[in-house]
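Residue numbers (UniProt numbering): 1 to 277. Positions of the beta carbon are idealized from the N, C-alpha and C atoms, including for glycine. These numbers come from a predicted model, not from an experiment. Presented below is the structure to which this report refers.
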Amino acid sequence: MEVPRNPEKVVIFDMASFDTWVNLGGEVAGAPLESVPDYLEDGLADDAFNAGTLFEADVLAIAEQEPDLIILGGRSAALYDALQDIAPTIDMSSPGPFEETLERNVTFLGGVLGAQDEAATALEELEAGIEEAKAVTADAGTGLGIMVSGDGISALKPSLGDYSGRNLRGGLIYDVFGVQPVIEDIEGATHGEPVSFEFLLETDPDYLWVIDRNTATGGDSGSSEGAAAILDNDIVNQTTAAQNDQIVYLDPVAWYIVFGGIETTKIMTDDVMQIAE
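Right, dumping it as structure tokens:
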């Protein structure tokens, strides 16, 4: 399949690719509109159409628009077979270390847009930001990444070379941004299961790094409460992180929905840099 250069009408389901595309000067003709973050909406064409959801394509609507290129990835990768006959379709999924995937995708999309120089500059800036954040976390003591979903919490673990979906966010917290895990074998301690508030007190990290899935998904995870309300309880309030005001709430859309791309990586880096303020 030949990928067209400088395509005029592009449909993008993968939000990380959407982010990179618009930050390199591209415009998006169609997307799952309800899933486009507020901070990326300016990248939509004035007459942008709704292409479906992150998991289901409106095939008829897309075909009617006759796009020049369709970009998938992550959650939407399974849509490839349904869309490949409409227009050249690419899957940007690339299981691997975050920084390698980011460099690959930014470089590739920059080539499609004829924005190679802009892509290279963006990558240099992102790398510098990540290195600055790592210098901050190196002196921050221990940390534990957690995800709040429904009324429960799960402990995130380092990727340890496994870049499947369930390890991605923990890998970013520990492996990319250099947070020192409060316990080395999080998987062994939790068996991949949800953890209790008591677990947070027992491990007692200096920092808690919190991804709020409830807010990211608009409350469809079984609870209308955000992470801050759920973690505001007598047990968590005894932890070092709570008592020292070192519970860091990460941007839920950036860390759970988009998770990649130029602007989103800047947001995630800024989240980590909060502890330097």
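For S17, three-class secondary structure by DSSP:
Here residue 17 is taken as the residue at index 17 of the sequence shown, counted from 1. It is helical.
Pick out whichever of L160, I12, N233 has its Cα sitting closest to the Cα of E187.
Translated into the one-based positions of the sequence shown, residue 187 becomes position 187. Of the candidates L160, I12, N233, the one whose C-alpha sits nearest the C-alpha of E187 is L160.
For T239, name the three-state secondary structure that DSSP assigns.
Working through the sequence shown from its first residue, we reach residue 239 at position 239. Three-state DSSP puts T239 in coil, outside helix and strand.
So, using beta-carbon positions, are S17 and G261 closer together than 8 Å?
Position 17 of the sequence shown, counted from the start, is the residue given in the question as residue 17. Position 261 of the sequence shown, counted from the start, is the residue given in the question as residue 261. A contact, by the Cβ cut-off of 8 Å.
Can you give me the C-alpha to C-alpha distance between V136 and D46, rounded to a whole angstrom?
As a working mapping, residue 136 is identified with position 136 in the sequence shown. As a working mapping, residue 46 is identified with position 46 in the sequence shown. In a straight line, the C-alpha of V136 is about 41 Å away from that of D46.
Touch test, the segment 257-271 against the segment 223-242, Cβ-Cβ under 8 Å, three pairs minimum
As far as the Cβ criterion goes, the segment 257-271 does not touch the segment 223-242, which means the pair count is below three.
Among the residues of its own chain, which have a CB less than 8 Å from the CB of S221, if the five just before and after it don't count?
For the purposes of this step, residue 221 is taken as residue 221 along the sequence shown, with counting starting at 1. At S221 the pLDDT is 48, less than 50, meaning the model places this residue with poor confidence and gives no usable figure here.
Looking at the structure shown, is L156 part of a helix, part of a strand, or coil, going by DSSP?
Mapped onto the sequence shown, residue 156 falls at position 156. L156: coil per DSSP, three-state reduction.
Minimum length 4: unbroken alpha helix (DSSP H) runs contained in the segment 175-220:
You should have 186-190, 197-203, 213-216.
Under 8 Å between C-beta atoms of I275 and L208
Here the question's residue 275 lines up with position 275 in the sequence shown. Here the question's residue 208 lines up with position 208 in the sequence shown. Cβ atoms of I275 and L208: not closer than 8 Å.
Let me confirm a value: T20 is counted as buried when at least 16 other C-beta atoms fall within 10 Å, else exposed. Which label applies?
Counting from one through the sequence shown, the residue named residue 20 turns up at place 20. Burial of T20 is indicated by the presence of at least 16 other C-beta atoms within 10 angstroms of its C-beta.
Cβ of I90 within 8 Å of Cβ of I62?
Counted from its first residue, the sequence shown places residue 90 at position 90. Counted from its first residue, the sequence shown places residue 62 at position 62. Not closer than 8 Å, so no.
I believe P7 touches L69 by the beta-carbon criterion, under 8 Å. Please report the beta-carbon distance rounded to the nearest angstrom.
The residue labelled residue 7 in the question sits at position 7 within the sequence shown. The residue labelled residue 69 in the question sits at position 69 within the sequence shown. Rounded, the Cβ-Cβ distance is 4 Å, consistent with contact.
To the nearest angstrom, report how far apart G110 and G25 are at their CA atoms.
Position 110 of the sequence shown, counted from the first residue, corresponds to residue 110. Position 25 of the sequence shown, counted from the first residue, corresponds to residue 25. So the two alpha carbons sit approximately 9 Å from each other.
Would you call T121 buried or exposed, if buried means 16 or more other Cβ atoms sit within 10 Å of its Cβ?
For the purposes of this step, residue 121 is identified with residue 121 of the sequence shown, where counting begins at 1. So T121 counts as exposed.
Sort out for me which residues DSSP pairs V10 with in a bridge.
Residue 10 sits at position 10 when you count from the first residue of the sequence shown. For V10, the pairing in a beta bridge is given by DSSP as L69.
Note down, one range per segment and in chain order, each alpha helix (DSSP H) of at least 4 residues found wholly within the segment 22-82.
Every alpha helix (DSSP H) stretch that sits fully inside the segment 22-82 and reaches 4 residues is listed by chain position as 59-65.
Below 6 Å CB to CB, which residues in the same chain sit around G218 once its five sequence neighbours on both sides are set aside?
As a position in the sequence shown, residue 218 is number 218, starting the count at 1. Within the same chain, G218 has no close Cβ partners at all.
Less than 7 Å between C-beta atoms, sequence neighbours within five positions excluded: which residues of the same chain meet that for R5?
Taking the first residue of the sequence shown as position 1, residue 5 is located at position 5. Around R5: V112, G114.
State the DSSP-derived secondary structure class of V112, mapped to helix, strand or coil.
Translated into positions along the sequence shown, residue 112 becomes position 112. Of the three classes helix, strand and coil, the one that applies to V112 here is helix, per DSSP.
For D91, three-class secondary structure by DSSP
Here residue 91 is taken as the residue at index 91 of the sequence shown, counted from 1. Residue state, collapsed to three classes: strand.
How far does the beta strand (DSSP E) with M147 in it extend, from its first residue to its last?
Mapped onto the sequence shown, residue 147 falls at position 147. M147 -> beta strand (DSSP E) spans 142-149.
Tell me whether the segment 87-107 and the segment 27-42 touch, counting them as touching only if at least three CB pairs, one residue from each stretch, are closer than 8 Å.
No, they do not touch.
Taking the DSSP output, what are the residues bridged to L250?
Along the sequence shown, read from residue 1 onward, the residue named residue 250 stands at position 250. In the DSSP secondary-structure assignment, L250 is bridged to I211.
Enclosing alpha helix (DSSP H) for E263 [first to last residue]
Numbered from its first residue, the sequence shown carries residue 263 at position 263. First-last of the alpha helix (DSSP H) with E263: 262-273.
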